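Since the structure comes first, as structure tokens, the remarks are kept for the end.
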Amino acid sequence: MSASRNEIVDFYRGNPQVSVLIVGAGVNGIGTFRDLALQGVDVLMVDKGDFCSGASAGSSHMVHGGIRYLENGEFRLVREAVQERNRLIENAPQYVRPLPTVIPIFKWFSGLLNAPFKFLGLLEKPSERGAVVIKVGLIFYDAFTRAQGTVPNHQFQGRAGTRAEFPHINPAVRFTARYYDGSMHTPERICAELLLDGEAAHQDARALNYVSLENAAGKRVMLKDQVSGETFEVQPKILINAAGPWIDFANARMGLDTGLIGGTKGSHLMLDNPDLRAAIGENEFFFENKDGRIVLLYPFEDRLMVGTSDLPIDNPDEAACTEDEIDYFIEMVQVVFPDIPVRREQIVFKFTGVRPLPASDANTPGQVSRDHSIVEIAPGSALEFPVYNLVGGKWTSFRAFSEEVCDKTLEALGRTRVIDTRRLAIGGGLDYPVTEPAQKAWIAQLAGRSGLEPARIQELFERYGTRAQIVADYIAQGEDRALNFLPGYSRREIEFIARDEKVVHLDDFLLRRSLLAKLGRLSHANVDEISKIIRAALGWTDEQADAEIKRLYAILRKDHGVQL
Ligand SMILES: Cc1cc2nc3c(=O)[nH]c(=O)nc-3n(C[C@H](O)[C@H](O)[C@H](O)COP(=O)(O)OP(=O)(O)OC[C@H]3O[C@@H](n4cnc5c(N)ncnc54)[C@H](O)[C@@H]3O)c2cc1C
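Using the numbering used here, the first residue of the sequence shown is number 361, and each one after it goes up by one.
Written out as structure tokens, the structure reads:
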């Protein structure tokens with residue numbers, strides 16, 4: 361188990377010098393943190409909220425190359441993202457799986473004439489695509505990925521085949537194209553395991569959630585522990601601003617006037633609609649509507665995720681899913697599955713994120729580059745250290761972006777890379793048994809060693825990959841019991857996660873270390889039961905425990921439209 365947050369804060373009170381301070385623990389901050397730690401660099405990463413609670417939690421959960429960015433001429437980005445998608449499927453197989461993605465196509469030719477104009481940047485707005493343009497795009501997409509062979513090539517099918525496979529599909533759909541990307545249901549768990557890997561790699565790599573950058577001057581940066589309310593100071597050689605959509609806000613706190621970000625918000629709904637869930641099978645449906653906006657229907661366990669929007673927003677703290685967005689999503693489902701009704705009562709959870717896109721004067725948000733860049737602010741009269749701003753990027757390509765940031769940092773520190781992250785497993789992806797017989801043998805072996813039932817090990821394996829091993833070892837060391845209201849979980853399992861994965865608030869566990877909130881599985885009874893276990897694990901007082909439940913309900917109501 362890593363050092364407690366108080367121990368870490370005390371450490372920096374006595375030793376404020378640190379080579380690198382990372383502000384922001386979304387996937388880009390965390391990826392950079394892990395990479396620097398692996399290279400033996402002393403690094404502190406802080407986040408004003410929980411780890412992976414900003415844009416990195418608000419994503420569409422697709423690990424993808426971004427086929428539509430080909431039209432914007434972003435070949436470098438798409439090639440990189442497709443390679444990174446394949447690496448994530450290989451390095452984090454416990455959480456990232458190939459995702460068959462179906463594009464419903466209504467026309468043969470539309471978009472054909474637009475494409476060259478779009479490549480030249482002459483088209484005002486994107487528009488619906490026909491079969492021919494999609495076919496060309498998919499040929500490029502396959503070409504980028506064929507050498508790795510991680511996912512199959514695309515296929516096309518006509519009206520009859522489409523109707524046979526998807527009986528409820530709109531009869532006006534003339535073709536469907538199927539290609540493969542990746543799905544990740546728990547970006548938050550990938551982030552948690554990445555940062556634990558980083559801390560394990562180097563004793564002087566430390567990560568703190570609920571610690572914000574307050575201000576900076578000269579060689580000093582003032583940080584505030586949001587839990588205790590106390591401040592402490594660090595003196596970094598380099599500051600990496602990985603605050604995503606808040607980058608300009610964080611810079612303003614340090615007296616730097618930047619206009620790097622032009623964020624756009626995107627919302628998603630989680631639906632409990634068994635008919636629609638059955639209609640899409642295990643496929644994501646992915647298409648652009650007439651004005652070029654992306655629509656996705658995504659299979660998410662027994663639920664279905666619908667998204668997303670792309671609306672400019674100035675202040676990321678004000679992002680929320682509006683009633684208009686909900687109307688729009690429901691309307692879009694009907695475009696593809698007109699005879700399956702979607703009702704508002706079927707929404708079990710909603711969430712919104714803000715894309716940290718580079719400030720741009722593109723005609724539509726969809727045309728703003730999704731590529732990433734490091735914008736360096738050299739030391740000057742206000743600050744004695746450089747600030748590297750991590751602008752833009754996709755979840756999928758975080759490793760490549762982190763590698764670039766790490767290499768630049770190593771060069772500035774006069775050090776060299778010692779470990780390559782391209783083939784490095786993430787958390788419970790280490791020594792992951794890929795085939796079914798290998799998984800069975802792994803489960804049987806752990807059941808034998810730990811004394812837990814194979815069915816229980818299976819559950820843990822599905823939830824944590826090979827990290828199930830340390831969870832099972834912990835469970836086996838004491839008296840355990842399945843939860844009354846959520847029998848798939850047990851008391852010692854939750855206790856372990858609370859202690860080992862830097863849980864500070866009740867919502868950290870329910871919203872980010874587990875999928876319970878996102879899947880709409882919360883009730884008064886199970887919140888009460890789980891809060892008692894976490895309370896005992898973290899030593900909360902009665903008042904703290906009450907405050908945690910109130911805080912959870914307020915977050916669920918305000919940010920996720922969930923009224924318990
Ligand atoms: C709606 C939407 C859909 C998307 N879909 C996909 C997709 O399907 N696939 C894909 O690959 N990418 C997708 N993306 C893009 C991807 O999610 C983001 O590019 C990526 O997560 C950005 O990560 P980040 O670490 O830069 O930012 P963030 O995850 O936002 O992290 C920044 C962190 O900085 C912290 N912070 C801010 N200010 C301070 C401060 N003063 N002190 C301390 N901490 C601070 C915040 O709390 C936050 O946690 C999507 C994004 C959105 C919003």
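Just so you know, even glycine gets a beta-carbon here, dropped at the ideal spot from N, CA and C.
Being a predicted model, the structure only gives us computed values, none of them experimental.
Neighbour flag for residue i against chain B, beta carbons, 8 Å
i	result
Ala914	No chain B appears in this structure, which consists of one protein chain only.
Where residue i falls, given that 16 or more other Cβ within 10 Å makes a residue buried
i	result
Thr618	buried
Lys710	buried
Phe869	buried
Ser364	exposed
Leu629	buried
His884	exposed
Val794	exposed
Leu924	exposed
Gly425	buried
Pro527	exposed
Gly374	exposed
Ile779	exposed
Asn633	buried
Arg801	For the record, residue 801 in the displayed sequence is Ala; it is not Arg. Ala801 comes out exposed.
Ile499	exposed
Residue range of the alpha helix (DSSP H) that includes residue i
i	result
His732	Careful: His732 lies outside any alpha helix (DSSP H), inside the beta strand (DSSP E) at 732-737.
Tyr834	828-836
Asn601	No alpha helix (DSSP H) holds Asn601; the beta strand (DSSP E) holding it covers 591-601.
Val765	758-773
Phe393	387-398
Pro814	814-824
Phe856	851-860
Ser741	Looking at the DSSP string, Ser741 is not in any alpha helix (DSSP H), and its letter there is neither H nor E.
Lys800	796-810
Ala560	547-561
Distance cut-off 7 Å: residue i Cβ against heavy atoms of ligand 3
i	result
Pro605	No copy of ligand 3 occurs in the structure displayed; its ligands are ligand 1 alone.
Segment limits, beta strand (DSSP E) that includes residue i
i	result
Gly542	535-544
Ala577	571-577
Gln454	Counting along the chain, Gln454 falls outside any beta strand (DSSP E), and DSSP gives it neither H nor E.
Tyr748	747-752
Gly713	707-715
Ser883	Taken as a continuous stretch (DSSP letters only), Ser883 belongs to no beta strand (DSSP E), as it is neither H nor E.
Thr624	624-631
Ala612	First-last for Ala612: 607-613, but that is the alpha helix (DSSP H), not the beta strand (DSSP E).
Leu345	It is not possible to answer for residue 345, since the shown part of the chain is limited to 361 through 924.
Asp585	580-585
Rounded distance between the beta-carbons of residue j and residue i, thought under 8 Å
i	j	result
Ile926	Ala537	Any answer about residue 926 is impossible in this case: the structure gives the chain only from 361 up to 924.
Phe697	Leu631	About 12 Å; that fails the 8 Å criterion.
Asp840	Val571	The Cβ separation is near 33 Å, so there is no contact.
Glu764	Thr781	With 8 Å as the limit, Glu764 and Thr781 do not qualify as a contact, their Cβ atoms being about 11 Å apart.
Val369	Asp585	6 Å
His545	His732	Wrong, their Cβ atoms sit about 24 Å apart, outside the cutoff.
Helix, strand or coil at residue i according to DSSP, with G and I counted as helix
i	result
Tyr913	helix
Glu948	Residue 948 is absent from the model: the chain starts at 361 and stops at 924.
Glu367	helix
Met692	helix
Gln727	helix
Arg841	coil
Phe466	coil
Gln443	helix
Ile499	helix
Tyr658	strand
Arg663	strand
Val438	helix
Ser720	coil
Thr461	strand
Ser379	strand
Ile529	coil
Leu472	For Leu472, the pLDDT reaches just 41, beneath the cut-off of 50, and the residue's location in the model is therefore unreliable, leaving the point undetermined.
Val493	helix
Leu846	coil
Asp919	helix
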